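Residue numbers (the numbering used here): 122 to 451. All C-beta atoms in this analysis are idealised placements derived from N, C-alpha and C, irrespective of residue type, glycine included. Please read these numbers as outputs of a predicted model, since none were measured by experiment. Notes follow the structure.
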């Protein structure tokens, strides 16, 4: 356990109000129950003296809070190489590789991103989930932001809930999309298959909105950009499958890959070897929780994603060339 000392002056407009109510507004990063417990144990003083939660304040008093931070995370630190895109005292942004699990869970008690973060910064053990404010699936690569302070975590979680964090993904989906669009369909756990999510009728699922637009069309696939308005578990994977264009390589929602007719050997081999959803969190933009500046980050897709799109592009070029040769001369 570590202790952080804060000293603030109660503003004069707070005169006449209860001390515990004013304290909650002065320290919004801590819950009311935690602040109340600190008042009762003497960790909070008013002008150097102990105080009751219901005591009236007059404004101008000096508050001293010794915030006792307990360990929130019990997982063990593990030395792992992380691709950190940006880092300061408040947060870090990293580019998560495919295959890395974010949180420990059933079958993944070690070797997770959380374990790696604890090794990189032991102070993260005092934050819920080691500062992880949003997650990516094991088979999804790309940008994630991690808070390094409780105030940054509170701010970032709030921004996510208010849809103030821009998250853009690129994905390869099955089939040829004609145009972009929006999927507005509630998502919840599948009623029979617990490892899956599904679009459920209104009232049974949480609101989920995904905007998508076409970047490039291939013979039987499409490269799209997806923008999240909400952030539900498996949201993009579920929504694209819902409109009959599941993500390539997504064995949970799309099944085995389906090469187009007369596909090049290179494309067949690439599709057969692509064993995770073709989804990459490429762009992240938000207001920095301390400076207030707008910050944005880009991360190039991993090599196997690039190889997949290259093989699809080469297959498309070969097919187009063959069709041109078969066309009669004018």
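task: For residue 436, count neighbouring Cβ atoms within 10 angstroms of its own Cβ and tell me buried if that reaches 16, exposed if not.
output: By the neighbour-count rule (16 or more Cβ atoms within 10 Å), residue 436 is buried.
- prompt: When DSSP labels each residue in this structure, what does residue 290 get in the three-state scheme?
  reply: DSSP places residue 290 in strand when its eight states are reduced to three.
- request: Return the chain-ordered list of same chain residues with a C-beta closer than 6 Å to the C-beta of residue 384, the five sequence neighbours on each side being excluded.
  value: Residues of the same chain with a CB within less than 6 Å of the CB of residue 384, apart from the 5 flanking positions on each side, are 436 in chain order.
- request: Can you tell me which of 430, 182, 177 puts its alpha carbon nearest to the alpha carbon of residue 336?
  value: Put simply, of 430, 182, 177 the residue whose alpha carbon is nearest the alpha carbon of residue 336 is 430.
field: Where residue 342 sits in the DSSP three-state scheme
entry: Secondary structure at residue 342: strand, using DSSP grouped into helix, strand and coil.
- prompt: Does DSSP put residue 268 in a helix, a strand or coil?
  reply: Residue 268 falls in the strand class under three-state DSSP.
- prompt: Should residue 216 go down as buried or exposed, given a rule of 16 or more other Cβ atoms within 10 Å for buried?
  reply: Label assigned to residue 216: buried.
field: Which residues DSSP lists as bridging residue 407, in chain order
entry: Its beta-bridge partners are 416.
message: Less than 7 Å between the C-beta atoms of residue 292 and residue 400, yes or no?
response: Cβ distance < 7 Å, so residue 292 and residue 400 count as in contact.
field: Closest by C-alpha distance to residue 231, when choosing among 205, 200, 276
entry: Looking only at 205, 200, 276, the smallest Cα-Cα distance to residue 231 is reached by 200.
message: Given a cut-off of 7 Å on the beta-carbon distance, is the pair residue 379 and residue 371 in contact?
response: No.
field: Nearest-angstrom Cα separation, counted from residue 361 out to residue 441
entry: In a straight line, the C-alpha of residue 441 is about 27 Å away from that of residue 361.
- prompt: What residues match up with residue 229 in a beta bridge as DSSP calls it?
  reply: 226.
- prompt: When the Cα atoms are used, what is the spatial distance from residue 373 to residue 294?
  reply: Each residue's alpha carbon lies about 14 Å from the other.
- request: Rounded to whole angstroms, what's the CA-CA distance from residue 320 to residue 303? Just pull it up for me.
  value: Roughly 14 Å between the two C-alpha positions.
message: If I follow the unbroken beta strand (DSSP E) through residue 259, where does it start and stop?
response: Premise fails: residue 259 is in no beta strand (DSSP E) and is neither H nor E.
task: Output the distance between the C-alpha atoms of residue 356 and residue 364, rounded to the nearest integer angstrom.
output: Rounded to whole angstroms, the gap between the alpha carbons of residue 356 and residue 364 is 13 Å.
message: Measuring straight from C-alpha to C-alpha, what distance separates residue 236 and residue 259?
response: Taking the Cα positions, residue 236 is about 15 Å away from residue 259.
message: Rounded to whole angstroms, what is the Cα-Cα separation between residue 333 and residue 289?
response: If you take the alpha carbons of residue 333 and residue 289, they lie about 9 Å apart.
- request: Tell me whether residue 393 is buried or exposed, calling it buried when 16 or more other Cβ atoms sit within 10 Å of its Cβ.
  value: Flag for residue 393 reads exposed.
message: Under 8 Å, with one C-beta from each stretch per pair, do the segment 396-413 and the segment 259-269 reach the 3-pair mark?
response: With a cut-off of 8 Å, the segment 259-269 and the segment 396-413 count as touching, because enough Cβ pairs lie within range.
query: Who does residue 331 pair with in a DSSP beta bridge?
result: Its beta-bridge partners are 304, 349.
task: Confirm, please, whether the CB-CB distance from residue 267 to residue 213 is below 7 Å.
output: Going by C-beta atoms, residue 213 is nearer than 7 Å to residue 267.
task: Could you work out which residue in 174, 165, 312 is closest to residue 183 when comparing CA atoms only?
output: Checking every option, the nearest Cα to that of residue 183 belongs to 165.
- request: In the DSSP assignment, find the unbroken alpha helix (DSSP H) run with residue 236 in it and report its ends.
  value: Its alpha helix (DSSP H) spans residues 234-241.
task: Using the DSSP secondary-structure output, state which residues sit across from residue 402 in a beta bridge.
output: BP columns for residue 402 point to 263, 290.
- request: Check whether the Cβ atoms of residue 410 and residue 273 lie closer than 7 Å to each other.
  value: If you check the CB distance, residue 410 and residue 273 come in under 7 Å.
Reduced DSSP secondary structure (H/G/I, E/B, other) of residue 365: For residue 365, the secondary structure class from DSSP, reduced to helix, strand or coil, is coil.
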